[in-house]
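Residue numbers (the working numbering): 162 to 498.
Here the structure is laid out as structure tokens; the discussion comes afterwards.
Laid out in structure tokens, this is it:
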């Protein structure tokens, strides 16, 4: 009997030890957007792919809807090593690396998806990774293009021209550049965390949102919070970046680091395609939910772009951006890189 007990206890201990070794690396991934958003879907796919590729040795728990961290708090946690992984919007990341707001500067007004993607898959992307690495954040793969950014998404007041922006309180991503550009357009921007916006809208504390995309509205079903109108002027592009704490990467083996990178390569491509598919049906989805879209007059947008380009150097300087870097972005857009 004693031998049987010893054998049973030993077997249990070995099984426990084996289980611990099998799932010895547990990672946490935080996003602010609600379930169903392309960022959340990408996060879930990435977690599943990492677990599968590692044979279960690495597990990733996804925390959606700001359950773990809100907006910029997640980036601070990444930099400090308190959080392992995230997928973050460039405008949110720009609070810590201002240059990441380049895609919402006037130079990006009216640019096509092809032009924006060329930037995200060229030398500029390498520079973005280097900038963040200095802040303790690793970028394990290419960003994916989300959608064109528009100037106004409103509740009661429909916007048909830039003149209609006067006095409108618009919640924006927490980016100094977004705030500066909207101020120059005549609006009253208020930087807000993504998770706070439904309540601000439903309570009437803001008139709408600015500097976001049609997919932002669809992903959060923000018509339920009062969004009824869109002023679509293609005022830049938003993109999402995969980010991992450098402290976390340093703890992983080379094989594990490769799994992080390789799995994102596939997931990032899927996310880009999914976002493009959603954009193709975005107008139909918005209309079905009572949201009216007004496309800005192209000549009016061109005039506004010209006026803002004259102020771009000031926006860049005030936003703490590197003028030389913005120059290289401009050259890349013009086909010089």
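The beta-carbon is built from N, C-alpha and C at its ideal position, and this holds for glycine as well.
Which ranges would you report for the alpha helix (DSSP H) in the region 306-381 if only whole runs of at least 4 residues count?
Counting only runs of 4 or more, we get 337-345, 358-363, 375-381.
Whole angstroms are fine: how far does the CA of residue 465 sit from the CA of residue 403?
When rounded, the distance between both Cα atoms is 33 Å.
Span separating the alpha-carbon of residue 370 from that of residue 299
Going by C-alpha positions, residue 370 is about 30 Å away from residue 299.
Tell me which same chain residues have a C-beta within less than 6 Å of the C-beta of residue 478, skipping the five on either side of it?
Around residue 478, the same chain offers no residue with a beta carbon nearer than 6 Å, after the five sequence neighbours per side are excluded.
Tell me, to the nearest whole angstrom, how far the beta carbon of residue 241 is from that of residue 190; I am working on the premise that it is less than 8 Å.
Not a contact, Cβ separation roughly 16 Å.
Inter-residue Cα distance where the pair is residue 306 and residue 274
Inter-residue distance for residue 306 and residue 274 is about 8 Å (C-alpha atoms, whole angstroms).
Helix, strand or coil: which one does DSSP assign to residue 232?
Three-state result, residue 232: helix.
Residue 354 versus residue 311: straight-line alpha-carbon distance, rounded:
C-alpha separation (whole angstroms): 18 Å.
What separation, rounded to the nearest whole angstrom, lies between the Cα atoms of residue 390 and residue 453?
Cα-Cα distance, rounded: 5 Å.
Alpha helix (DSSP H) runs wholly inside the region 280-306, at least 4 long, in chain order
Qualifying alpha helix (DSSP H) stretches, in chain order: 284-294.
For residue 379, tell me which candidate among 269, 364, 420, 314 has the shortest Cα-Cα distance.
It is 314.
Okay, do the region 429-440 and the region 323-332 touch, 3+ Cβ pairs below 8 Å being the bar?
The answer is no - the region 323-332 does not touch the region 429-440, with fewer than three Cβ pairs under 8 Å.
Going by Cα to Cα distance, which pick from 345, 382, 422, 413 is closest to residue 443?
Of all alpha-carbon atoms in 345, 382, 422, 413, the one lying nearest the alpha-carbon of residue 443 is that of 382.
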